[in-house]
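Line by line, the protein sequences are chains A and B. For the first sequence, the numbering used here begins at 1 and goes up steadily by one. For the second sequence, the numbering used here begins at 1 and goes up steadily by one. Glycine is no exception: its CB is placed at the ideal position from the N, C-alpha and C atoms. Computed from a predicted structure; not experimentally measured. In what follows, a structure is listed as structure tokens, so that the remarks can point back to it.
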Amino acid sequence: MDFDLSIEQEMIRKEVRKFAKKEIAPIAAELDENEEFSSSITRKMGEIGLFGMIVSEAYGGQGLDYLSYIIAVEEIARVDGSQAATIAAGNSLGIGPLYYFGNDAQKKRYLPKLCSGEALWGFGLTEPTAGSDAGGSKTTAVLEGNEWILNGSKIFITNAACDLSLGVTVQAITGTRPNGKPEYTCFLVEHGTPGFKAVPMHRKLMWRASSTAELYFDNVRIPKENILGNKGDGFHQMLQTLDGGRLSIAAMGLGGAQGAYEAGLKYAKERQQFGQPISKFQAIAFKLADCAMEIECARNLLYKACWLRDRKRPFEKEAAMAKLYCSEVMGRVTDHAVQIHGGYGLMKEYDVERFYRDQKLLEIGEGTSEVQRIVISRYIGC
Amino acid sequence: MDVLVLLKQVPSTESIIEIAGDGVSIKTDDLKWVINPYDELAVEEALRLREAHGGTVTILTVGREKAAEAIRTALAMGADKGVLVSDPVLEGCDPLCTAKVLAAAAKEIPFDLIIAGQRAVDDDAYMVGSAVAEALGIPSITMVIKEEISENRIQCQKTIDGGVAVVEAPLPALITTQRGLNEPRYASLPGIMKAKKKPLDSKTLADLGLDPQTFTAFKMKIVALNPPPERKGGQVVEGETAQEKARELVRILHEEAKVF
Chain A
1 MDFDLSIEQE MIRKEVRKFA KKEIAPIAAE LDENEEFSSS ITRKMGEIGL
51 FGMIVSEAYG GQGLDYLSYI IAVEEIARVD GSQAATIAAG NSLGIGPLYY
101 FGNDAQKKRY LPKLCSGEAL WGFGLTEPTA GSDAGGSKTT AVLEGNEWIL
151 NGSKIFITNA ACDLSLGVTV QAITGTRPNG KPEYTCFLVE HGTPGFKAVP
201 MHRKLMWRAS STAELYFDNV RIPKENILGN KGDGFHQMLQ TLDGGRLSIA
251 AMGLGGAQGA YEAGLKYAKE RQQFGQPISK FQAIAFKLAD CAMEIECARN
301 LLYKACWLRD RKRPFEKEAA MAKLYCSEVM GRVTDHAVQI HGGYGLMKEY
351 DVERFYRDQK LLEIGEGTSE VQRIVISRYI GC
Chain B
1 MDVLVLLKQV PSTESIIEIA GDGVSIKTDD LKWVINPYDE LAVEEALRLR
51 EAHGGTVTIL TVGREKAAEA IRTALAMGAD KGVLVSDPVL EGCDPLCTAK
101 VLAAAAKEIP FDLIIAGQRA VDDDAYMVGS AVAEALGIPS ITMVIKEEIS
151 ENRIQCQKTI DGGVAVVEAP LPALITTQRG LNEPRYASLP GIMKAKKKPL
201 DSKTLADLGL DPQTFTAFKM KIVALNPPPE RKGGQVVEGE TAQEKARELV
251 RILHEEAKVF
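The structure is reproduced here in structure tokens:
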């Protein structure tokens, strides 16, 4: 076994950490408080190569392995969940489907802009009536002459309603399969297409500095060639996209846990009660020991899933495990971190308050913890 | 325009420095190592010069093998090639000795300008840059906050006590950096991948035609290391109004601190 990262992976961690500390940490709390998406920080993240990390250089990407991508997300999440969300959703959900399933013309048209961070792309899957149950979706697409006509709506779509939003991938029902279930197909819809409206969603508990949108499609006409892959591929495209996406959500859990743990440890060593640092009290020390242990387990599990993916071996079970475990570990770690901070942990002056809120999404987005358990239980033969 | 950057790897300025058990060295196990911050300014300035005038940027380091990490980071920022001079004999040598080795190595690399940090933040000697210029017989301008190159001359603004001096020199020359010269870029992710394929030569003293024997005389012996005295806590000036507080502050400065 070899637990050493490559020289390049170590350098990526070091540089992204430096960037996150210098550029994101000073403004994270304020952006969160104001519920403000920052185009300028997104562009800066683009400049150092945080978009299109796994895309080949031919399309303007950075040509990295999956583990390098995950390490970069982890390091951003160590400082701020919102910016990590912009990166993770941008790479896995925005760029991913275009890169894996798009034709050459589509890739050439969109990827260079998306990989430089000049523009963002959304992934329209969830609907008001279709969360874990994708079968509940109602958005439809009908071919009329040389155009597809889309009708329906999507909800909770990251990166889809800010001034950098260029378009969205939309999953729609295009017919009925032989087994009686709906046939799904994905389409590319650009912002500005008549009948397509993206409305920012506000008053969020978490990821308040990331862009979240409701999408409305009212007789939206798009050219026939805006189909992604083939008619009927939508369901598999979605599953494959979510398998990869799980790793980036896991990275957000791991990075967030690391950041909250470090904040808790630092505070425990500084805070004096009863004449000594509270880290000297076993009740506090044991909490931190548990955090350190669980983060170590989470990192090993996630990196192994990436290792499998980078070697083109089956990784779906491990991805579900990593997503579930890392997000729940961040839950326990942020809980401890706030507890260690006492009253101050409840105040916005301390970052652990934001980490505590940001964590909750990870157990819900891109497949709830319950769905991950279903996935894992199927893989182990239940 | 070929620029040579002298670069040193130092412990991260955020590291907690602890004295090792022997009392004459520091614990290095948990230290994070970075490019000396003043040398980072030098790398950035060299890259900007290349962007404006063309040419190459070469990184030159004397240090342990581990220092290759720092050179690779500079390559990831955009430098073209690196040279690391590493030799066990150099362990514990003084800054003049380092300067001699750097100068010997620099003679084998074509350059129009050498940029060095004004000092390394670990030993704060302030000597290597100027000493390299002396050994090479070229002019040096230290503490530079702005430079401009035209027709084989370099004009610099350098900080002096209470002001800024404008100094000019013919090329080739050596300048050292001062904070404010520029804002160093990050090594981008694609930059890190490209650095993998850039040349990084390792050299020993023998490769440079230097006799290791002559360097043993330059060894520094550290007699003892002591942490700086712990800072005493601050003092809150009491008083109801601003005037009262000011009066009390003047009294403390005069009677207790005796500053006037």
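* Asked: Under a Cβ-count criterion, where at least 16 other Cβ atoms within 10 Å of its own Cβ denotes burial, should residue 263 of chain B be classed as buried or exposed?
  -> Limits of chain B in this structure are 1 at one end and 260 at the other, which puts residue 263 of chain B out of reach.
* Which chain B residues sit within Cβ distance under 9 Å of residue 118 of chain A? -> The sequence position of residue 118 of chain A within the first sequence is 118, counting from 1. Listed along the chain, the chain B residues whose CB falls inside 9 Å of the CB of residue 118 of chain A amount to none; the nearest CB is some 15 Å away.
* To do: Starting from residue 326 of chain A, follow the alpha helix (DSSP H) in both directions and report where the run begins and ends.
  => Position 326 of the first sequence, counted from the start, is the residue given in the question as residue 326 of chain A. Segment 316 to 341, the alpha helix (DSSP H) holding residue 326 of chain A.
* Asked: Is there a Cβ from chain A that is less than 8 Å from the Cβ of residue 192 of chain B?
  -> In the second sequence, residue 192 of chain B corresponds to position 192, counting from 1. Yes, residue 192 of chain B counts as interfacial toward chain A.
* Ignoring anything shorter than 3 residues or poking outside the segment 167 to 226 of chain B, list the beta strand (DSSP E) runs there in chain order. => 173 to 177, 200 to 203
* Keeping to the same chain, check which residues put their C-beta closer than 8 Å to that of residue 233 of chain B; ignore five residues upstream and five downstream. => Along the second sequence, one-based indexing puts residue 233 of chain B at 233. Excluding sequence neighbours, residue 233 of chain B sits near nothing in its chain.
* Partners in chain B for residue 49 of chain A, counting only beta-carbon separations shorter than 7 Å -> Position 49 of the first sequence holds residue 49 of chain A. Under the 7 Å cutoff, chain B gives 188, 189, 190.
* **Three-state secondary structure (DSSP) of residue 385 of chain A** => No statement about residue 385 of chain A is possible, as the shown extent of chain A runs from 1 to 382 and does not include it.
* To do: Taking only the alpha-carbon atoms, compute the straight-line gap between residue 213 of chain A and residue 250 of chain A and give it to the nearest angstrom.
  => The residue given as residue 213 of chain A occupies position 213 in the first sequence. The residue given as residue 250 of chain A occupies position 250 in the first sequence. Those two C-alpha atoms are separated by around 22 Å.
* Is residue 63 of chain A close to chain B, meaning its C-beta is less than 8 Å from at least one C-beta of that chain? -> Looking up residue 63 of chain A in the first sequence gives position 63. Chain B contact via Cβ: present.
* Closer than 8 Å at the beta carbon, the chain A residues around residue 72 of chain B -> Taking the first residue of the second sequence as position 1, residue 72 of chain B is located at position 72. Going along chain A in sequence order, the residues near residue 72 of chain B (Cβ under 8 Å) are 7, 11.
* Are the segment 313 to 323 of chain A and the segment 75 to 87 of chain A touching, with three or more C-beta to C-beta distances below 8 Å? -> no
* Is the beta carbon of residue 50 of chain B sitting closer than 8 Å to the one on residue 3 of chain B? -> If you number the second sequence from 1, residue 50 of chain B lands on position 50. If you number the second sequence from 1, residue 3 of chain B lands on position 3. Result yes, Cβ atoms of residue 50 of chain B and residue 3 of chain B sit closer than 8 Å.
* Nearest residue (CA-CA) to residue 197 of chain A, options A:209, A:183, A:216 -> Position 197 of the first sequence, counted from the first residue, corresponds to residue 197 of chain A. Comparing Cα-Cα distances from residue 197 of chain A to each of A:209, A:183, A:216, the minimum goes to A:216.
* Which of the residues in the segment 110 to 144 of chain A, read from start to end, lie with their CB under 7 Å from any CB of chain B? -> none
* To do: Can you tell me which of B:33, B:32, B:114, B:20 puts its alpha carbon nearest to the alpha carbon of residue 60 of chain B?
  => Indexing the second sequence from 1 puts residue 60 of chain B at position 60. Per the C-alpha coordinates, the member of B:33, B:32, B:114, B:20 positioned closest to residue 60 of chain B is B:114.
* **chain A residues whose Cβ lies nearer than 8 Å to that of residue 66 of chain B** => Looking up residue 66 of chain B in the second sequence gives position 66. Correct list: empty, because the minimum Cβ distance to chain A is about 12 Å.
* Asked: With 16 other CB atoms within 10 Å as the buried threshold, where does residue 9 of chain B fall?
  -> Translated into the one-based positions of the second sequence, residue 9 of chain B becomes position 9. Residue 9 of chain B should be labelled buried.
* Asked: Can you give the Cα-Cα distance for residue 236 of chain B and residue 252 of chain B, rounded to whole angstroms?
  -> The count along the second sequence starts at 1 and reaches residue 236 of chain B at position 236. The count along the second sequence starts at 1 and reaches residue 252 of chain B at position 252. Approximately 11 Å between the Cα atoms of the pair.
* Tell me whether residue 383 of chain A sits in a helix, a strand or coil according to DSSP, three-state version. => Shown here, chain A extends from 1 to 382; a query on residue 383 of chain A therefore has no answer.
* **Alpha-carbon spacing of residue 246 of chain B relative to residue 218 of chain B, whole angstroms** => For the purposes of this step, residue 246 of chain B is taken as residue 246 along the second sequence, with counting starting at 1. For the purposes of this step, residue 218 of chain B is taken as residue 218 along the second sequence, with counting starting at 1. Cα to Cα, residue 246 of chain B sits roughly 54 Å from residue 218 of chain B.
* Compare the beta carbon distance of residue 172 of chain A and residue 152 of chain A with 8 Å and say whether it is the shorter of the two. => For the purposes of this step, residue 172 of chain A is identified with residue 172 of the first sequence, where counting begins at 1. For the purposes of this step, residue 152 of chain A is identified with residue 152 of the first sequence, where counting begins at 1. Yes. Within cutoff.
* Asked: Can you give the Cα-Cα distance for residue 374 of chain A and residue 47 of chain B, rounded to whole angstroms?
  -> As a working mapping, residue 374 of chain A is identified with position 374 in the first sequence. As a working mapping, residue 47 of chain B is identified with position 47 in the second sequence. C-alpha separation (whole angstroms): 53 Å.
* Compare the C-beta of residue 53 of chain A against all C-beta atoms of chain B and say whether one is closer than 8 Å. => Translated into positions along the first sequence, residue 53 of chain A becomes position 53. For residue 53 of chain A, the answer is yes, since a Cβ of chain B falls inside 8 Å of its Cβ.
* To do: Compute the Euclidean distance between the alpha carbons of residue 317 of chain A and residue 243 of chain A, then round it to the nearest angstrom.
  => Numbered from 1 along the first sequence, position 317 holds the residue referred to as residue 317 of chain A. Numbered from 1 along the first sequence, position 243 holds the residue referred to as residue 243 of chain A. Each residue's Cα considered, the two are about 9 Å apart.
* Inspect the beta-carbon positions of residue 68 of chain A and residue 12 of chain A and report whether they are closer than 8 Å. => On the first sequence, residue 68 of chain A is found 68 positions in, with the first residue counted as 1. On the first sequence, residue 12 of chain A is found 12 positions in, with the first residue counted as 1. Against a cut-off of 8 Å, the Cβ pair of residue 12 of chain A and residue 68 of chain A comes out as a contact.
* For residue 127 of chain A, write down the residues that DSSP places opposite it in a beta bridge. => Reading the first sequence from its first residue, position 127 is the one you call residue 127 of chain A. Paired residue(s): A:130.
* Asked: By a C-beta neighbour count over all protein chains shown, 10 Å radius and 16 as the cutoff for buried, is residue 160 of chain B buried or exposed?
  -> For the purposes of this step, residue 160 of chain B is identified with residue 160 of the second sequence, where counting begins at 1. Label assigned to residue 160 of chain B: exposed.
* Inter-residue CB distance, residue 53 of chain A and residue 189 of chain B (contact presumed, cutoff 8 Å) -> The residue you call residue 53 of chain A lines up with position 53 of the first sequence. The residue you call residue 189 of chain B lines up with position 189 of the second sequence. That pair is a contact at about 6 Å.
* **residue 218 of chain A: first and last residue of the uninterrupted beta strand (DSSP E) it sits in** => Position 218 of the first sequence, counted from the start, is the residue given in the question as residue 218 of chain A. From DSSP, the beta strand (DSSP E) with residue 218 of chain A extends over 212 to 223.
* **Distance, residue 48 of chain A Cα to residue 24 of chain A Cα** => Mapped onto the first sequence, residue 24 of chain A falls at position 24. Mapped onto the first sequence, residue 48 of chain A falls at position 48. Looking at the two C-alpha atoms, the distance is approximately 13 Å.
* **Cβ contact check for the segment 261 to 277 of chain A and the segment 139 to 155 of chain A: 3 or more pairs under 8 Å** => no
* Asked: Taking the continuous beta strand (DSSP E) assigned at residue 154 of chain B, which residues delimit it?
  -> Against the second sequence, residue 154 of chain B aligns to sequence position 154. First-last of the beta strand (DSSP E) with residue 154 of chain B: 153 to 160.
* To do: Output, in sequence order along the chain, the residues in the segment 72 to 91 of chain B whose CB is closer than 8 Å to any CB in chain A.
  => 72, 73, 76
* What separation, rounded to the nearest whole angstrom, lies between the Cα atoms of residue 165 of chain B and residue 21 of chain A? -> Stepping through the second sequence from its first residue, residue 165 of chain B is reached at position 165. Stepping through the first sequence from its first residue, residue 21 of chain A is reached at position 21. Rounded to whole angstroms, residue 165 of chain B to residue 21 of chain A spans 35 Å at the Cα level.
* The alpha helix (DSSP H) enclosing residue 132 of chain B, as first and last residue numbers -> If you number the second sequence from 1, residue 132 of chain B lands on position 132. Residues 128 to 136.
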